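Oh and the sequence shown: position 175 is 170 in this note's numbering, straight run, nothing missing. Working notes, beginning with the structure itself.
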Amino acid sequence: MEKIKLGKVFILFTYSHVIGVMCQSPLSVGTWFNNLNILTAPKSLTLQFYAQDIVTGPGQTTYEIARSSISATSPTSFGILYMVDNQLNTGPDPNSPRVGRRQGLVGFSDLNELALYLSFNFVFQGGLYNGSTISVIGRSRIASTERELSIVGGTGVFRLARGVVIYTTYSFNSTTNNSVFKYTLYITYY
Ligand SMILES: *[C@@H]1O[C@H](CO)[C@@H](O)[C@H](O)[C@H]1NC(C)=O
Ligand SMILES: *[C@@H]1O[C@H](CO)[C@@H](O)[C@H](O)[C@H]1NC(C)=O
Ligand SMILES: *[C@@H]1O[C@H](CO)[C@@H](O)[C@H](O)[C@H]1NC(C)=O
């Protein structure tokens, strides 16, 4: 699980070249876009943080919003859909510095094995990436230890982002069903 060598972890609040990209008008975003060309080298960045997925109890951040006619009897919970707004922190402890939120949809999407369809945004709050987002889509096979998702875009600092997310379940409490997920993002952006 720890085999990924991370050279640039926790640089969330230390990069300085990204200041001034945020909150631009449509016209200046257009200028930024038109000045990009095929010779513009993408930057790369590795980020790591943790999400508190609280499905029961105080501070709940994940709620069921829909289920299909077969979900109750489906061995794979097919068709149960959740909306999540999980807190992100630099460490697994919810009291460690906050990074932002994970907001979006999680649903059981496989009739034959336990697997999720995921579609969510990482919303950065504070630091140099405050207000920027990274959009993620993917499939998570629950039996897999390491799950891989796609970074399909972003806003603010992360305009035109692409990349990969690897995530693992850092901890799971079988009394509450609450989890802590560990996310490592390999991002290219301009
Ligand atoms: C982040 O941005 C929001 C909205 O622009 C602002 O209200 C907030 O003070 C900023 N937070 C930090 C820590 O810079
Ligand atoms: C699981 O959650 C319960 C209820 O909050 C708590 O009492 C217990 O210590 C937790 N277990 C672990 C292993 O963290
Ligand atoms: C945890 O999940 C299991 C399996 O889905 C379920 O039976 C149980 O009721 C859940 N516990 C809580 C506290 O929601």
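Built from N, CA and C at the ideal position, the CB exists for glycine as well. It should be emphasised that the depicted structure is a prediction, and the values quoted were computed from it without experimental measurement.
Query: Got a sec, what are the start and stop residues for the alpha helix (DSSP H) Leu22 sits in?; Result: Pro21 to Asn30
Query: Give the list of continuous beta strand (DSSP E) stretches no shorter than 3 residues that lie fully inside the segment 70 to 149.; Result: 76 to 84, 93 to 103, 110 to 119 and 128 to 136
Query: Round the Cβ separation of Gln82 and Thr56 to the nearest angstrom and send it over; I've been treating them as touching at under 8 Å.; Result: 7 Å
Query: Give me the DSSP bridge partner(s) of Leu180.; Result: Leu42 and Val160
Query: For the segment 21 to 39 and the segment 74 to 93, state whether three or more C-beta atom pairs, one from each stretch, are separated by less than 8 Å.; Result: no
Query: Thr57 lies in the beta strand (DSSP E); which residues open and close that run?; Result: Thr57 to Ala61
Query: I'd like to confirm something about Asn172: is its beta-carbon nearer than 7 Å to some heavy atom of ligand 3, or not?; Result: yes
Query: Going by the beta-carbon positions, is the gap between Ile65 and Gly74 smaller than 8 Å?; Result: yes
Query: In angstroms with no decimal places, state the Cα-to-Cα distance between Pro37 and Ile129.; Result: 16 Å
Query: For His145, collect the residues of the same chain with a Cβ closer than 6 Å to its Cβ; drop the 5 residues on either side in sequence, then sort them by chain order.; Result: According to the sequence shown, residue 145 is Ser rather than His. Excluding sequence neighbours, Ser145 sits near Ile132 and Gly133.
Query: Going by DSSP, what residues sit across from Val175 in a beta bridge?; Result: Gln47 and Ser166
Query: Would you say the beta carbon of Asn90 is closer than 7 Å to some non-hydrogen atom of ligand 2?; Result: no
Query: Spatial neighbours of Leu76 within its chain, please: C-beta separation below 6 Å, excluding the five flanking residues on both sides.; Result: Ile60, Ala61 and Gly102
Query: Compute the Euclidean distance between the alpha carbons of Phe167 and Pro21, then round it to the nearest angstrom.; Result: 43 Å
Query: Is it right to say Ser23 is buried, meaning 16 or more other beta carbons lie within 10 angstroms of its own, or is it exposed?; Result: exposed
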